[in-house]
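Down below is the structure, laid out as structure tokens.
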Amino acid sequence: MSNRVEREAEDNYEAENDASPVSADVVDNSYVGETRSELRNQVPVQRDEAPYEDPMQPPYSNSDQQLDDDEREAIDQSNIMSGDRLRHAKPSTANKYNEGPGEDDLPDVVRYGDSGVSGTKRLS
Numbered sequence: 038m039s040n041r042v043e044r045e046a047e048d049n050y051e052a053e054n055d056a057s058p059v060s061a062d063v064v065d066n067s068y069v070g071e072t073r074s075e076l077r078n079q080v081p082v083q084r085d086e087a088p089y090e091d092p093m094q095p096p097y098s099n100s101d102q103q104l105d106d107d108e109r110e111a112i113d114q115s116n117i118m119s120g121d122r123l124r125h126a127k128p129s130t131a132n133k134y135n136e137g138p139g140e141d142d143l144p145d146v147v148r149y150g151d152s153g154v155s156g157t158k159r160l161s
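When you line the sequence shown up against this note's numbering, it's residues 38 to 161, in that order.
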């Protein structure tokens, strides 16, 4: 790790000797043209200076207002059930809400692994 003096010296050296400092507006379209003819026109590639639609619209895009609007649009009011039908269902089976047999309800040969056939073949 360099110290402050070394970093300043490196910065000064680069400022004086860098033959082509990068400007703020760099346009590089070398990736746009496909070199293999069989792949040309297969995947569209947009040039750097081509216009595009920016979904960010400051300051609205990153705001509580935008989040509220998105949430309101996402909730379909027609899918919301009225309150009486929500969490008031009564169990309809003898063991209340039937989740199937538990481990205790299985026969002992199955429960303790005394029964069953392996799906692998023995080599001996």
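All residues carry an ideal CB built from backbone N, CA and C; glycine is no exception.
Got a sec, what are the start and stop residues for the alpha helix (DSSP H) residue 49 sits in?
41 to 54
With a threshold of 9 Å between beta-carbons, can residue 83 be considered close to chain D, or not?
Although the question refers to chain D, the structure presented lacks it and comprises just one protein chain.
Should residue 86 and residue 80 be called a contact, given that it needs their Cβ atoms to be closer than 9 Å?
no
So, helix, strand or coil for residue 73, using DSSP?
coil
Hey, out of 45, 103, 69, whose CA is closest to residue 82's CA?
69
Measure from the alpha carbon of residue 9 to the alpha carbon of each residue in 84, 106, 94, then state which is nearest.
What the structure shows of the chain is the stretch from 38 to 161, and residue 9 is not part of that stretch, so it cannot be assessed.
Cα-Cα separation, residue 96 to residue 102
10 Å
Helix or strand or just coil, what does DSSP make of residue 105?
helix
Residue 84 (DSSP reduced to helix, strand or coil):
coil
What does the alpha-carbon distance come out to for the pair residue 147 and residue 138?
13 Å
Between residue 117 and residue 90, what straight-line distance do the alpha-carbon atoms span, to the nearest angstrom?
35 Å
In angstroms, rounded to a whole number, what distance separates the CA positions of residue 141 and residue 119?
39 Å
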